[in-house]
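Numbers 166 to 416, taken from our numbering, label the letters of the sequence shown in order.
Don't be surprised by glycine CBs; every beta carbon is placed ideally from N, CA and C.
See below for the structure under consideration.
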Amino acid sequence: TLEARIGANISEFERQLGRLSRITEDNTRRASASFGGLKTAIAGLGMGFLLKDIVETGMKFEGLSNTLKAVTGSSTGAAKEMEFVRSEAQRLGLELISAGQGYAKFSASAKTSGLAAADIKKIFSAVAETSTVLGLSAEETSGSLFALSQMMNKGKITAEDYTVQFGERIPGALSLLAKAAGKSTADLTKMFEQGKVGLDLLPKLADELRKTSAAGLPDAINGTRASLNRLNNALTEAKGIIASGFMKQLA
């Protein structure tokens, strides 16, 4: 039921708040004094502001759902893709809405490139893992995915898109792509000049990204930023569920 789903997200919010307190006890004492749990936070907000926030969150979820429907061609497909995003956001401590928006746009471009669905998810997850380890912001992670989307739209990996847009956010990106291609960086540069760097290298690049980030991933996904994002995601989900109920009544 709607009430049960809201309750589950409140419990998750409070669970993540407790988890965060174990990681950063001093900071969370101040946070707990401010939050006091979800119910106290809601009680302290003006109803007008709260309603506006809930509706805006609901609209973001609705927009995300519509994009995923367009990509997959069905509500069922969109729900499965959204569940994948939720799972990755929870695992890595990503901001749910921005991760979903980034994945939806990336997936839309990737679908036209001929890449398999499993490879699309693999590339997204590899970039997300690397971004988590590097401590990139949601905006920087979206920028990395956007750079890859541009390559997919062009049907090949170009030096400008890769080294400038992707490489400026991911250190060592050129050498990682060279490893994926089984070439030296000098040979890869020549391939760029000849326009012979194809999209088939992206799944192999994902493997290299994951190898590079593997050592730092456990600490990163259990760090303060990831825990805060999980906490905020639980609250965002709760607001989204409430908004969904409002919108159904208005429809």
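It is roughly 45 angstroms from the alpha-carbon of residue 340 to the alpha-carbon of residue 220.
Per DSSP, reduced to three states, the secondary structure at residue 364 is coil, with no helix or strand assignment. With a cutoff of 8 angstroms on beta-carbon distance, residue 290 and residue 236 are scored as not near each other.
With a cutoff of 8 angstroms on beta-carbon distance, residue 320 and residue 370 are scored as not near each other.
Residue environment for residue 318: exposed (fewer than 16 other C-beta atoms within 10 angstroms of its C-beta).
Residue range 350-358 is occupied by the alpha helix (DSSP H) that includes residue 355.
If you compare the alpha carbons of 355, 354, 255 with that of residue 388, the shortest gap goes to 255. About 6 angstroms separates the beta carbons of residue 223 and residue 405, which is inside the 8 angstroms limit, making them a contact pair. 347 is the residue among 230, 372, 347 whose C-alpha sits nearest the C-alpha of residue 362. Less than 8 angstroms divides the Cβ of residue 313 from the Cβ of residue 367.
Setting aside the 5 residues that flank it on each side, residue 344 is surrounded in the same chain by 373, each with a C-beta closer than 7 angstroms to its C-beta; the list follows chain order. When only Cα atoms are considered, residue 322 and residue 217 end up about 42 angstroms apart. The DSSP-derived three-state label of residue 407 is helix.
Here the alpha carbon of residue 333 sits roughly 32 angstroms from the alpha carbon of residue 234. The criterion of a C-beta distance shorter than 8 angstroms is satisfied by residue 297 and residue 391.
The criterion of a C-beta distance shorter than 8 angstroms is not satisfied by residue 329 and residue 309. Residue 294 places its beta carbon less than 8 angstroms from that of residue 378. Within the same chain, Cβ atoms closer than 6 angstroms to the Cβ of residue 268 are found at 250, 289, the five residues on either side in sequence being excluded.
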